[in-house]
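Taking it in order: structure first as structure tokens, then the write-up.
Protein chains in written order, with the working numbering: chain A, 1086 to 1259; chain B, 5 to 335.
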């Protein structure tokens, strides 16, 4: 095993540990802010995995969008309402417990069934990084419609946020 | 891993990585020292006072003394804070500041790694700083800190749009995200500042806001918010934020130099593959001096003025600029 190989495997394991650690933080922390930051750690770990798999563009996008935008928005929303001294209580009561464990087990079974049943083919040996070119071609030739529709989804999300945040309208006399 | 990789115990590529990391850290700390001294000295000059004069010749050792003082300070963690995040926030702010140094081309042969998406790399890494500011503001459990952090995010999100749009204009012309490619596209004095001066101005204004510099330094406006998100930090916590801010200024000015001022290009020098870094640093520090000059000359804007300036002037202008560039390029 060469040194490079050793380092690469070590990095891979490091990213896995980071993802698992972030995930546990997300699920188990009593403070909403810690949960969101755990999520940010998971995203950074996933970006590291993309990097490890030779797709730096995906890694950069992961950091830029999920850490730099999504997590910032989540933290922004949380920071106003919760102060660092308020921890939430664990609620293991009836419905919550059943719903949460049901969802988790169903998700786990679905994901593992998909993983096991899929026939994985090893990617062909690549020389250099073509991920950006491939992505560009795929988005603007093959999947143009889906690519454009995603921006419509974002627009609808923004509109929905405005509608939810709008103060209740007073009855207009005119 | 391809089998041709060297198999020795200490391969040259690993040495190169180590050397790059050490150089990056040296640049970060050196820049913080130089900028700290320049800022205090020039602030004094702009206000018709001498600035630091006591330690060394014209106060040149002032920063060393300050550094010793800051390291020696007791690290206070206020009660009612989130202890772990309070400790982590300065580190999260500072760590990503080192990473862009790896892809910045200082000279033709002085670059850690030429990344084909170097520009996106810098933008992605720098985006983590916003999260660090939010964490700092929230974990302090202080109204000033919280307000400062919230302002910082509103400002960063707003000014990122004109910055990216002007950046796109340059990318449309160069057809590459590689910083080296962008510099090479401007070789022979064909700097982009001559072709798109408006984009240069918009980009520079946006970087002023992105690095929280005056006249857009609302996140740390001392007259309203004491020190904004770093109100509760002292000692090394504060100085890490301080160094991170100067490093982000350096990165912003490096980007401006690479995108609009031709990077390392200039009159030929002996051993130009290495020494033309001199031109690069000369341009970067001229821009940094302009930033200091602006900070001590113009009053701070109000928050509504800040956002109006972005959404009503910078964004439309940069959009039109992008359209015009696209038309000119395709003609």
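From the three backbone atoms N, C-alpha and C, an ideal C-beta is built for every residue, glycine too.
Any beta carbon from chain A within less than 8 Å of residue i's own beta carbon?
i                      : result
residue 199 of chain B : no
residue 233 of chain B : no
residue 33 of chain B  : no
residue 11 of chain B  : Low confidence applies to residue 11 of chain B: its pLDDT is 46, below 50, so where it sits in the model is not reliable, and the reading given next is rough at best. So yes, residue 11 of chain B belongs to the interface.
residue 8 of chain B   : Residue confidence is low: residue 8 of chain B scores 43 on pLDDT, short of 50, so the model does not pin down where it sits. Its coordinate-derived value is still stated next. By this cut-off, residue 8 of chain B is not an interface position.
residue 121 of chain B : yes
residue 142 of chain B : yes
residue 3 of chain B   : This structure gives no information on residue 3 of chain B, because the portion of chain B shown stretches from 5 to 335.
residue 5 of chain B   : Only weak support exists for where residue 5 of chain B lies, its pLDDT of 35 falling under 50; the coordinates are left without a value.
For residue i and residue j, which I take to be in contact (beta-carbon distance under 8 Å), what is that distance rounded to the nearest angstrom?
i                       : j                       : result
residue 210 of chain B  : residue 253 of chain B  : The Cβ separation is near 13 Å, so there is no contact.
residue 184 of chain B  : residue 115 of chain B  : 7 Å
residue 163 of chain B  : residue 224 of chain B  : No, residue 163 of chain B and residue 224 of chain B are not in contact; Cβ-Cβ is about 16 Å, not under 8 Å.
residue 85 of chain B   : residue 143 of chain B  : 6 Å
residue 229 of chain B  : residue 317 of chain B  : So it is not a contact: roughly 25 Å between Cβ atoms.
residue 218 of chain B  : residue 298 of chain B  : 7 Å
residue 196 of chain B  : residue 170 of chain B  : Not quite, the Cβ-Cβ distance comes to about 10 Å (not below 8 Å), so this is no contact.
residue 310 of chain B  : residue 159 of chain B  : 6 Å
residue 1098 of chain A : residue 1133 of chain A : With a Cβ gap of about 11 Å, residue 1098 of chain A and residue 1133 of chain A do not count as contacting.
Looking only at its chain, what residues have a beta carbon closer than 6 Å to the beta carbon of residue i, apart from the 5 residues adjacent to it on each side?
i                      : result
residue 53 of chain B  : none
residue 296 of chain B : 43, 46
residue 288 of chain B : 257, 258, 261
residue 125 of chain B : 107, 119
residue 145 of chain B : 84, 85
residue 122 of chain B : 107, 182, 183
residue 105 of chain B : 28, 31
Give a yes or no on whether 8 Å exceeds the smallest Cβ distance from residue i to chain B.
i                       : result
residue 1148 of chain A : yes
residue 1091 of chain A : no
residue 1156 of chain A : yes
residue 1232 of chain A : no
residue 1109 of chain A : no
residue 1118 of chain A : yes
residue 1241 of chain A : no
In chain order, what residues of the same chain have a beta carbon less than 8 Å from the beta carbon of residue i, not counting five sequence neighbours either side?
i                       : result
residue 5 of chain B    : In this prediction, residue 5 of chain B has a pLDDT of 35, which is less than 50 and means its spatial position is unreliable; nothing more can be read from the coordinates.
residue 205 of chain B  : none
residue 118 of chain B  : 107, 109, 182, 183, 184
residue 1251 of chain A : none
residue 74 of chain B   : 239, 240, 242, 243
residue 1163 of chain A : 1117, 1118, 1121
residue 1042 of chain A : Since the displayed chain A opens at 1086 and closes at 1259, residue 1042 of chain A lies outside it and no answer follows.
residue 187 of chain B  : 109, 262, 266, 267, 268, 269
residue 264 of chain B  : 174, 195, 196, 197, 200, 203, 204, 207
Relative to the C-alpha of residue i, which residue among the options is closest?
i                       : options                        : result
residue 1126 of chain A : A:1163, A:1220, A:1151         : A:1151
residue 172 of chain B  : B:292, B:323, B:267, B:316     : B:323
residue 335 of chain B  : B:176, B:235, B:241            : B:176
residue 71 of chain B   : B:249, B:243, B:307            : B:243
residue 1116 of chain A : B:24, B:194, B:88              : B:88
residue 330 of chain B  : B:303, B:200, B:270, B:312     : B:200
residue 327 of chain B  : B:174, B:278, B:263, B:231     : B:174
residue 202 of chain B  : B:40, B:320, B:23              : B:320
residue 39 of chain B   : B:315, B:290, B:303, B:18      : B:290
residue 16 of chain B   : A:1104, A:1088, A:1101, A:1096 : A:1088
residue 1108 of chain A : A:1092, A:1091, A:1131         : A:1131
residue 1218 of chain A : B:179, B:277, B:41             : B:179
residue 64 of chain B   : B:250, B:305, B:41             : B:41
residue 251 of chain B  : B:34, B:25, B:24               : B:34
Anything in chain B within Cβ reach of residue i, meaning under 7 Å, just list it in chain order.
i                       : result
residue 1153 of chain A : 128, 131, 132, 134
residue 1145 of chain A : 121, 124, 125, 128
What in chain A is Cβ-close to residue i, meaning under 8 Å?
i                      : result
residue 138 of chain B : 1157, 1160, 1161, 1164
In chain order, what residues of the same chain lie with their CB nearer than 7 Å to the CB of residue i, ignoring the 5 residues before and after it?
i                       : result
residue 100 of chain B  : 129, 130, 132, 133
residue 1135 of chain A : 1143, 1144, 1147
residue 11 of chain B   : The predicted model places residue 11 of chain B with a pLDDT of 46, which falls under 50 and marks its position as unreliable; any figure quoted below should be read in that light. Closer than 7 Å at the Cβ level, and outside the excluded window around residue 11 of chain B, lies no residue.
residue 245 of chain B  : 94, 97, 234, 237
residue 1119 of chain A : 1110
residue 282 of chain B  : 273
residue 18 of chain B   : none
For residue i, return the contacting residues in chain A, with the cut-off set at a CB-CB distance below 7 Å.
i                      : result
residue 150 of chain B : 1164
So with CB distances below 8 Å, who are the chain B contacts of residue i?
i                       : result
residue 1125 of chain A : 135
residue 1142 of chain A : 121, 124
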